[in-house]
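Going left to right, the sequence shown walks through residues 2 to 316 as the numbering used here numbers them. Right, one structure below, let's go through it.
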Amino acid sequence: MSDEKTDELRALLAGRPETLQVVDSLLAVWPEHAAYLLKSFSPRTTAMLDATEAAASAARKLIAGQEATFAGDYRWTCDRLRDEELFFHREGHYRLSTFAEANAEVYSNHDYMGRYVNGLLLTQLLWYNHVATFEMFLNSVLPNADKPFDYLEVGPGHGLMVYFAAQSPLCRTLEAWDVSAVSLRETRAALKTLGLTKPVSLVETDILQTKRPDRRFDLIVISEVLEHLEAPDVALRFLRDCITDDGRIFINVPLNSPSPDHIYLLSTPEEVTALVEGAGFKVEQLSLFATQAKRIESALTNRISVSAGVIARPN
Ligand SMILES: C[S@@+](CC[C@H](N)C(=O)[O-])C[C@H]1O[C@@H](n2cnc3c(N)ncnc32)[C@H](O)[C@@H]1O
Numbered sequence: 002m003s004d005e006k007t008d009e010l011r012a013l014l015a016g017r018p019e020t021l022q023v024v025d026s027l028l029a030v031w032p033e034h035a036a037y038l039l040k041s042f043s044p045r046t047t048a049m050l051d052a053t054e055a056a057a058s059a060a061r062k063l064i065a066g067q068e069a070t071f072a073g074d075y076r077w078t079c080d081r082l083r084d085e086e087l088f089f090h091r092e093g094h095y096r097l098s099t100f101a102e103a104n105a106e107v108y109s110n111h112d113y114m115g116r117y118v119n120g121l122l123l124t125q126l127l128w129y130n131h132v133a134t135f136e137m138f139l140n141s142v143l144p145n146a147d148k149p150f151d152y153l154e155v156g157p158g159h160g161l162m163v164y165f166a167a168q169s170p171l172c173r174t175l176e177a178w179d180v181s182a183v184s185l186r187e188t189r190a191a192l193k194t195l196g197l198t199k200p201v202s203l204v205e206t207d208i209l210q211t212k213r214p215d216r217r218f219d220l221i222v223i224s225e226v227l228e229h230l231e232a233p234d235v236a237l238r239f240l241r242d243c244i245t246d247d248g249r250i251f252i253n254v255p256l257n258s259p260s261p262d263h264i265y266l267l268s269t270p271e272e273v274t275a276l277v278e279g280a281g282f283k284v285e286q287l288s289l290f291a292t293q294a295k296r297i298e299s300a301l302t303n304r305i306s307v308s309a310g311v312i313a314r315p316n
């Protein structure tokens, strides 16, 4: 059964050598995951498969020589998420609700963080909803810049979006903020490995505490961060003050998505719109992508994870 799925998956990825390499190195460690991956890859559009290949090409540089470790850490991360899902579906809320709790359990536990961050890198290309929002960033956000732009990202993780933003000839300056020194170290190392030559200003700061910078940004990205905050409304209002009058913000936030360090639960697209518009933005586009490309309505009804990709402008 697993062999059949593997063959089908490999056939689907013919002509996508970077993706196939990552998938093969994962299946060497976790062959039973082929069925999940087949469901995740089958519904991808050509544009999504192209975005997957771009992410895989970058990820392969970051994991070179440590493929088995990253594959093992991805499996471990999926196990942690399954534990959180069981709690969420039993109790109806995320297990943690304060930054102090997430910090004690996750952020300050370096061993845990190391594995978790490795696992999350692979989700960027293996999970349907993660690829879908990444594709939105590549094809609906970056190319729509019509003049030189200054880029700010909050919580850049491995810096893949910073890296791809930097490839735009219109990208003038790049800055990224993160509360975690460990995470920023990862970002710096990853951008160096990826060979980024444009300078990136990496700033250690808490989005909920930081002072208003003396400059404003034309494109702001905050991806998979709001659900980590006690007060996402405060963060968005702050970013509203940091954006140019004709600037754009790209927000990627998951709904009903239990994770060891998710503390702020959003359950519906209406809540996302209210949050973003309440902070002084006008939503131009809100796209929803469910795990495994499930139907959005049934995913929302059954509280299965859905990623919301939002493009908004100052109101
Ligand atoms: C899950 S990662 C997101 C990585 C990447 N943006 C992505 O889309 O995969 C969340 C990031 O947000 C950062 N973060 C969490 N709370 C923050 C805060 N209050 N201020 C700034 N960054 C924060 C974390 O340190 C982490 O690097």
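All C-beta atoms in this analysis are idealised placements derived from N, C-alpha and C, irrespective of residue type, glycine included.
Using the beta-carbon count (16 or more within 10 Å), is His263 buried or exposed?
buried
Does the distance between the C-beta of Phe150 and the nearest non-hydrogen atom of ligand 1 fall short of 8 Å?
no
Is Ser184 near ligand 1 - that is, is its Cβ less than 8 Å away from at least one heavy atom of it?
yes
Rounded to whole angstroms, what is the Cα-Cα separation between Ala65 and Asn316?
44 Å
Is it the case that the Cβ atoms of Trp1 and Gly120 are separated by a distance below 9 Å?
Beyond the ends of the chain as shown, which are 2 and 316, falls residue 1; an answer cannot be given.
Classify Met2 as buried or exposed, calling it buried when 16 or more other Cβ atoms lie within 10 Å of its own Cβ.
Any reading at Met2 must be qualified, since the residue scores a pLDDT of 44, below 50, and its modelled position is unreliable; the value itself is stated next. Exposed: under 16 other Cβ atoms inside 10 Å.
Segments assigned alpha helix (DSSP H), at least 4 residues, entirely inside the region 256-282
270-279
Where do the ends of the beta strand (DSSP E) carrying Ala309 lie?
Val307 to Pro315
Give the DSSP-derived three-state secondary structure of Met2 in the structure shown.
Confidence is the limiting factor: at Met2 the pLDDT is only 44, short of 50, which leaves the residue's position unreliable and the question unanswerable from this model.
Among Leu127, Gly73, Ser169 and Arg96, which one has its Cα closest to the Cα of Asp84?
Arg96
Glu205, enclosing beta strand (DSSP E) - first and last residue:
Val201 to Glu205
Contact between the region 27-43 and the region 108-120 (3+ Cβ pairs under 8 Å)
no
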